[in-house]
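Protein chains in written order, with numbering that gives the first Met the number 0: chain A, 0 to 245; chain B, 0 to 275; chain C, 0 to 340; chain D, 0 to 301.
Notes for the one structure printed next.
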Amino acid sequence: MSEPLVVVEGLSIQAPTRLLIRDVGLIVRPRRITALVGPSGAGKSLTARASMGVLDVIPGLVAGSLRYPALGPQDWFQGVVGGGERAQRRLLEATRSLRGAYVSYSPQAASSALNPGRTIGWQLAIAIGRRVEAPASVGAEVRSLLAEVGLPARAAAALPAELSGGMAQRAALAIAIAPKPRLVIADEPETGLDPVLRRSVIELMIQVCQVHQAGLLLISHHQSTVDRIADDVVVLPAPPAGEVAA
Amino acid sequence: MKGRLLRWPYAAVALLAILALGWAAATAPVHLPAPEVDFAYAGPLELPPFGADHRGRPLLDYARQGAWVVALPAMVAGLLVMFMAVGGGLLACLGGGWARSAVQIASEVVGSLPRMVVILVVALLVPRDDRSLLPMAIAWALLAAPGAMDEAASVAERLGGTRFVEALRAHGFSASRIFGWHVVALNLRPVVVRQGAEVMMQVVFLEIALSYLSVVEDQPSFTHPDSMMSWADLLYQGYRSIVLDVPTTHVLALGLALISLVAVVSLSIGAAARAR
Amino acid sequence: MITRPTWTDEAPVVELIDLHKRFHRAGAWPWSPRQEVHAVAGVDLRIAPGEVVALVGQSGSGKTTVSRIVLGLEEPSAGEVRLEGQRWSGLAEAQRRAQRVHYQYVPQDAMGALDPQQSALEHIEETLKVLAGLPRAEAREKAAEMLSRLGLGSRLHALPREMSGGEQRRVTIARVLALSPRLVVADEPTSGLDPDRRESVLEALIANLPPRAACILVTHDMSEARGWCHRVLAMIAGRVIEEVDLSVSEPTHPYARVLFDPWSAPLPRGLLADQGCPYRPDCPLVTAEVAHLCATTVPSLQPLPRGPDGQRVACHALTASSSSPPPSSPPSSSPSPAPTP
Amino acid sequence: MVRVLAALALPVLVPTIITLLIWSLPGDPASLICPAESCGSTEVLSARWNLDQGPQGFLSAWLGDAVQGDLGRSWRLQQGVQVNELIGDALPNTLILLALALIPLTIGTLRAALGPLPRGFGPVIQVLGLVPALVLALVAAAVVELRWGSASFGDAASWARLIAGALVLGLADGALSGAVGGTRALFEAEARQRYVGIALLRGEGVLGNTLPNVAPALAGQVRGRVLHLLSGAVIVEAILRIDGVGDLLWGGTLLQDFGVVLASATIFALISSALLLLQAMAEVLIALVVRRSPDLGEGAGA
Chain A
0 MSEPLVVVEG LSIQAPTRLL IRDVGLIVRP RRITALVGPS GAGKSLTARA
50 SMGVLDVIPG LVAGSLRYPA LGPQDWFQGV VGGGERAQRR LLEATRSLRG
100 AYVSYSPQAA SSALNPGRTI GWQLAIAIGR RVEAPASVGA EVRSLLAEVG
150 LPARAAAALP AELSGGMAQR AALAIAIAPK PRLVIADEPE TGLDPVLRRS
200 VIELMIQVCQ VHQAGLLLIS HHQSTVDRIA DDVVVLPAPP AGEVAA
Chain B
0 MKGRLLRWPY AAVALLAILA LGWAAATAPV HLPAPEVDFA YAGPLELPPF
50 GADHRGRPLL DYARQGAWVV ALPAMVAGLL VMFMAVGGGL LACLGGGWAR
100 SAVQIASEVV GSLPRMVVIL VVALLVPRDD RSLLPMAIAW ALLAAPGAMD
150 EAASVAERLG GTRFVEALRA HGFSASRIFG WHVVALNLRP VVVRQGAEVM
200 MQVVFLEIAL SYLSVVEDQP SFTHPDSMMS WADLLYQGYR SIVLDVPTTH
250 VLALGLALIS LVAVVSLSIG AAARAR
Chain C
0 MITRPTWTDE APVVELIDLH KRFHRAGAWP WSPRQEVHAV AGVDLRIAPG
50 EVVALVGQSG SGKTTVSRIV LGLEEPSAGE VRLEGQRWSG LAEAQRRAQR
100 VHYQYVPQDA MGALDPQQSA LEHIEETLKV LAGLPRAEAR EKAAEMLSRL
150 GLGSRLHALP REMSGGEQRR VTIARVLALS PRLVVADEPT SGLDPDRRES
200 VLEALIANLP PRAACILVTH DMSEARGWCH RVLAMIAGRV IEEVDLSVSE
250 PTHPYARVLF DPWSAPLPRG LLADQGCPYR PDCPLVTAEV AHLCATTVPS
300 LQPLPRGPDG QRVACHALTA SSSSPPPSSP PSSSPSPAPT P
Chain D
0 MVRVLAALAL PVLVPTIITL LIWSLPGDPA SLICPAESCG STEVLSARWN
50 LDQGPQGFLS AWLGDAVQGD LGRSWRLQQG VQVNELIGDA LPNTLILLAL
100 ALIPLTIGTL RAALGPLPRG FGPVIQVLGL VPALVLALVA AAVVELRWGS
150 ASFGDAASWA RLIAGALVLG LADGALSGAV GGTRALFEAE ARQRYVGIAL
200 LRGEGVLGNT LPNVAPALAG QVRGRVLHLL SGAVIVEAIL RIDGVGDLLW
250 GGTLLQDFGV VLASATIFAL ISSALLLLQA MAEVLIALVV RRSPDLGEGA
300 GA
């Protein structure tokens with residue numbers, strides 16, 4: 000169980016006109032909080048998405064390896080490096096069953112990240128359905144997940160538009176943790192929240208990950224947050240090739 | 000920038016075609032000239048520019064009379080729709096909720112009436128001694144207007160509706176600047192002009208369809224006086240070249256060309272006014 | 000650290016006198032009843048020429064309402080707004096319009112404030128032509144210059160939908176600054192932006208303000224305001240609870256300290272008291288000595304005993320004459336230095 | 000809700016509008032409908048349609064009869080025949096025509112929902128959609144007449160006319176291009192929403208997420224298309240000589256057969272209101288599905 004959850008090595012991603020990421024490495028260990036920080040345009044989100052097997056830049060992956068040692072020795076980037084769009088799409092399909100049950104994603108600005116046309120309960124049920132072992136009662140699971148993130152049970156019947164920003168962030172966290180993943184990737188969960196909500200969301204996230212014994216990869220911009228909570232810190236270098244952020 | 004450079008060719012095409020049709024309508028003879036048997040079935044080369052019908056009457060006069068029949072009603076219908084669509088868009092910027100739902104309900108109810116049915120009822124009631132396309136064109140425009148207003152209103156809503164207006168007002172712009180320039184001229188224009196052009200085209204096609212159906216039944220058309228010929232007559236006479244093997248293919252070609260011209264005009268107007 | 004000169008001894012640009020605003024608001028849930036909200040409950044504020052003041056608070060604290068009232072986008076329920084000595088609240092829109100050129104607004108939602116059919120250059124050009132009365136060629140030239148100053152020199156012909164959030168924000172800022180306004184109110188000018196881009200947008204705004212312009216910056220993050228303003232006003236429940244110059248001292252009010260660094264103190268649960276000090280339920284400073292006062296009397300802004308000049312706080316515990324020196328020195332673990340321009 | 004009300008009002012609305020039109024125009028109602036020189040004495044007409052009893056009298060008499068299934072008798076189209084019989088003969092043909100025309104539309108909609116069209120396919124459909132129904136109907140009529148002869152109304156020829164008419168309806172006037180383009184645009188706009196990308200990151204599919212959100216708009220579009228078919232049906236039936244309600248309406252208008260026009264217009268309104276009801280039902284169903292939460296057992300959902 001002490002095998003790392005994700006190991007990314009030598010990751011380089013190429014956009015049509017410039018190199019987005021050069022030679023980036025990343026290790027996330029079980030039950031630890033790893034913070035991914037770096038200046039603007041360093042490719043934090045891109046790195047996190049690549050570590051889930053999601054590559055959507057073309058020509059895209061030009062070097063690197065992606066392994067999930069806790070699952071096996073396989074290098075998922077094998078055959079994808081330099082393979083262009085088609086190989087990346089194949090990887091997307093191949094890793095699809097892992098997303099959710101093994102590595103899950105908690106978005107920033109949750110209100111626009113939830114499906115506006117489906118109730119929270121429905122979205123939770125879908126996420127629970129991605130578990131490796133189906134639970135005895137989906138309804139009971141939905142309720143316990145909502146309680147865990149501090150939402151009332153009636154929130155299951157609410158549409159995302161009926162929730163406030165802080166509640167939506169909680170719901171998104173519940174959806175991310177619902178498939179019982181081994182690793183949660185949280186992409187700037189603090190964005191757009193005021194300081195009080197920011198801290199409570201982070202604290203909740205840490206608590207939930209501890210309860211479910213999941214590792215946490217936190218992309219963050221707030222140095223104060225990272226200083227206080229991270230066990231490991233991965234710092235991405237400034238964007239290669241002197242690219243100036245707009 | 001790129002959008003603008005590509006816009007003027009469309010505008011030029013539309014303008015030229017409209018001028019041509021307008022000229023044709025303005026100079027249309029009230030009666031077709033007397034038949035000249037020598038020119039019966041004359042092709043475009045024997046009797047330029049378009050040739051003659053089975054009795055030797057020049058097709059140019061058919062085309063001009065047909066233009067006369069549709070020109071005014073189509074224009075009126077198009078302008079009516081544009082006017083109402085602008086109103087719908089402005090209402091969405093000003094009135095907020097209830098105005099928007101009023102437009103929505105109107106477009107829902109009016110949109111549920113099969114247009115052709117209403118048009119035929121209007122046709123039934125058009126006085127027989129003063130036949131004209133105009134009542135039907137106006138009816139068509141009124142049927143099309145709620146939908147156009149609804150679309151304009153949703154454009155205004157995507158603009159941000161009252162928030163957009165408030166931001167510009169806080170910036171210091173006058174109401175006429177905000178509504179006249181930003182809302183109508185810049186943002187509603189594409190959809191409003193396209194809707195108007197579409198309705199113009201539909202009215203022309205409507206006239207052709209109604210006239211054609213009358214001609215087939217050997218009945219006077221609802222849309223124009225007996226002395227006038229519609230473009231539908233070109234289609235009808237030309238149609239016989241296919242079925243009865245009469246040498247009138249050039250008549251059919253002219254009819255189809257005029258229909259395509261109208262479609263092209265409508266599309267170019269829409270393209271010339273399109274959003275960036 | 001901000002280096003703008005201020006003219007504090009001159010007549011203020013903005014003067015808010017006991018401002019109140021009440022309105023009705025729907026609850027967070029559709030089934031909760033509508034409630035009357037006292038969004039602004041007695042705000043007094045004077046802003047000198049050249050001064051940049053930040054209004055900080057969580058959502059619902061009334062900071063945005065204050066900024067909207069200052070610009071006359073909403074009418075106060077009570078109290079008065081004076082801009083450059085002239086009464087501003089209660090005027091008809093027609094009377095205000097000529098003056099609006101001088102008092103400008105950077106809205107929170109840049110995409111909703113820009114015309115989707117106008118390029119960046121056309122936005123500024125129109126502003127200069129119509130509102131500043133410049134001839135077309137000159138307006139165009141100045142517009143391009145203004146955009147270049149804000150780092151949009153290569154994006155002159157981009158339409159709003161082709162721009163990133165930061166670029167859109169810069170266009171709204173350029174449009175405002177092009178008029179050389181005497182007052183700029185920026186409502187969360189960085190909201191919705193990638194965290195990395197916030198700093199540069201704020202810099203674009205503050206560094207390019209006309210020298211004598213006053214500026215109100217509304218934000219929910221005090222650490223973000225740090226370095227960009229002369230004074231910070233922290234708000235809760237429509238009241239200002241602390242006024243502080245972050246360049247000389249740190250906030251002392253427990254709530255203001257949470258806004259400044261959420262990890263520095265226990266998190267408030269967000270319960271607000273109806274009577275007395277609104278922050279009382281979450282306040283760690285309530286002692287037996289002041290408890291009765293806190294429960295009955297709304298604290299007013301008072302200078303701290305031995306505090307730096309200009310720092311005022313609305314807290315019975317901190318300002319009571321008998322109280323010991325303020326219990327809070329700046330947090331021991333040094334927060335990371337905020338990047339400075 | 001508005002939809003249901005509109006649906007219920009529509010069949011009454013059409014005769015009401017007609018009544019209002021008749022009485023808002025100057026002149027004697029009967030001679031307006033059919034001038035004396037073509038229909039002879041207007042008194043017969045007046046008495047027959049209760050036109051002499053004012054708008055309310057006429058409308059209530061007609062509606063009352065209509066509800067009891069009596070649509071009156073044809074005046075000139077087929078003199079003396081019950082309009083009921085005419086409609087009864089014509090309606091099946093119209094419904095078959097509409098159903099057949101829906102086939103290309105349904106295929107187009109489904110195809111567009113599944114994914115982008117192959118390159119080069121779009122422009123072809125678009126150009127086809129620009130062709131007015133009249134022109135395409137003429138082509139179809141020519142084909143049918145050349146193949147079966149103009150006088151032939153045998154079984155094969157009738158079916159050929161029906162199928163040709165359905166094809167015309169399904170393709171012309173932007174029917175197919177609208178269905179394909181409109182559906183595609185709906186799905187593409189939805190797929191651009193942020194939540195779709197996030198769902199992908201969680202390993203979920205795209206269609207399962209977008210379909211429920213797109214469905215109401217899609218239902219509206221489909222109804223709009225069918226409504227459009229109703230208008231087109233008049234032209235297509237008249238040109239291809241399909242013995243349908245549209246042809247009846249046209250013939251009635253041409254020969255000033257008031258009873259036939261009134262009846263067939265009302266039939267069209269009925270079809271349209273049925274469509275509205277269907278759409279309202281679809282929306283309710285969709286809303287039920289969207290609002291459906293997993294069964295939380297006791298103590299939840301309150």
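In this text, a Cβ means the ideal position worked out from N, Cα and C, and glycines have one as well.
Computed from a predicted model, the values in this text were never measured in an experiment.
Amino acids of chain C, ordered along the chain, whose beta-carbon sits closer than 7 angstroms to that of B/Arg-176 = Val-129
Is it a yes or a no for the segment 218-225 of chain A touching the segment 23-37 of chain A, going by three-plus beta-carbon pairs under 8 angstroms?
-> yes
Specify the secondary structure class of A/Val-6 as computed by DSSP and reduced to three states.
-> strand
Locate the alpha helix (DSSP H) running through B/Ile-212, then write down its first and last residues.
-> Note on residue identity: the sequence assigns Leu, not Ile, to residue 212 of chain B. First-last of the alpha helix (DSSP H) with B/Leu-212: 188-215.
Within its chain, find whatever has a CB closer than 7 angstroms to the CB of C/Ser-328; leave out the 5 residues flanking it on each side and keep chain order.
-> At C/Ser-328 the pLDDT is 43, less than 50, meaning the model places this residue with poor confidence; the figure from the coordinates comes in the next sentence. Here the set comprises nothing.
Quick one: is B/Val-191 buried, meaning 16 or more other Cβ sit within 10 Å of its Cβ, or exposed?
-> buried
Extent of the continuous alpha helix (DSSP H) to which C/Cys-293 belongs = 287-295
Who are the Cβ neighbours of C/Met-145 in its own chain at under 7 angstroms, not counting the five residues just before and after it?
-> Ile-123, Ala-173, Leu-176, Ala-177
According to the neighbour-count rule (16 or more other Cβ atoms, all chains shown, within 10 Å of its Cβ), is A/Ser-143 buried or exposed?
-> Result: exposed.
Report the rounded CA-to-CA distance for D/Ala-237 versus D/Ala-136, giving the unit in angstroms.
-> Going by the C-alpha atoms only, they are around 10 angstroms apart.
Consider the Cβ of D/Pro-211: report whether some Cβ of chain E lies at a distance smaller than 8 angstroms.
-> Among the protein chains in the structure shown, which are A, B, C and D, there is no chain E.
If you compare alpha carbons, which of C/Leu-204, C/Leu-317, C/Ala-313, C/Leu-70 is closest to C/Leu-149?
-> Of the candidates C/Leu-204, C/Leu-317, C/Ala-313, C/Leu-70, the residue whose Cα lies closest to the Cα of C/Leu-149 is C/Leu-204.
Candidates C/Gly-306, C/Gly-132, C/Arg-67, C/Gly-111: closest to C/His-19 by CA position = C/Arg-67
So which residues of chain D does A/Arg-98 contact, with C-beta pairs closer than 7 angstroms?
-> Leu-200, Arg-201, Gly-202
Which residues bound the beta strand (DSSP E) around C/Glu-241?
-> 238-243
By Cβ distance below 6 angstroms, which residues in the same chain neighbour C/Gly-49 in space, the five residues on each side in sequence not counted?
-> Arg-3, Pro-4, Thr-5, Trp-6, Arg-211
Proximity to A/Ser-96 [Cα-Cα], best of A/Asp-193, A/Pro-180, A/Pro-236, A/Ile-205 = A/Pro-180
Would you mind working out which of D/Leu-9, D/Ala-232, D/Arg-193 sits nearest D/Asp-172, comparing C-alpha positions?
-> Checked all of D/Leu-9, D/Ala-232, D/Arg-193; the closest Cα to D/Asp-172 is D/Ala-232.
CA nearest to the CA of B/Gly-195, picked from B/Pro-145, B/Arg-63, B/Ser-175 = B/Pro-145
To which residues does DSSP link C/Ile-16 through a beta bridge?
-> C/Glu-79
Cα-Cα separation between D/Gly-296 and A/Ala-135, rounded to whole angstroms = Reliability of the predicted coordinates at D/Gly-296 is poor, the pLDDT of 44 falling under 50, and no value is obtained from them.
Quick one, are the C-beta atoms of A/Val-23 and A/Leu-10 less than 8 angstroms apart?
-> yes
Where D/Gln-125 sits in the DSSP three-state scheme | helix
So is C/Ala-185 buried or exposed if we call it buried at 16+ other beta carbons inside 10 Å?
-> buried
Test item: CB-CB of C/Gly-309 and C/Thr-296 under 8 angstroms = no
Helix, strand or coil: how does DSSP classify C/Arg-230 here?
-> strand
Under a Cβ-count criterion, where at least 16 other Cβ atoms within 10 Å of its own Cβ denotes burial, should D/Leu-261 be classed as buried or exposed?
-> buried
When you compare each of C/Thr-318, C/His-315, C/Gln-301, C/Arg-305 to C/Asp-43 by their alpha carbons, which one comes out closest?
-> C/Gln-301
Could you pull out every residue in the same chain whose Cβ sits closer than 6 angstroms to the Cβ of B/Lys-1, ignoring the five residues on either side in sequence?
-> In this predicted model, B/Lys-1 has a pLDDT of only 45, less than 50, meaning its place in the structure is not dependable enough to derive any value.
Name the two residues that bound the continuous alpha helix (DSSP H) containing A/Arg-169.
-> 164-176
Test: D/Thr-182 CB closer than 8 angstroms to a CB of chain B = When Cβ-Cβ separations below 8 angstroms define contact, D/Thr-182 makes no contact with chain B.
For C/Val-100, the nearest candidate out of C/Ser-190, C/Lys-128, C/Cys-228, C/Tyr-278 (CA to CA) = C/Lys-128
D/Phe-267: contacting residues in chain B (beta-carbon distance under 8 angstroms) = Result: Pro-113, Val-116.
With respect to the beta strand (DSSP E) encompassing A/Gly-63, which residues constitute its N-terminal and C-terminal limits?
-> 59-66
In terms of residue numbering, what span does the alpha helix (DSSP H) encompassing B/Asp-60 cover?
-> 58-93
Might you give, ordered along the chain, the residues of its own chain that have their beta carbon closer than 7 angstroms to the beta carbon of D/Gln-278, omitting 5 neighbours on each side?
-> These residues qualify, in order along the chain: Arg-2, Ala-218, Gly-219, Arg-222.
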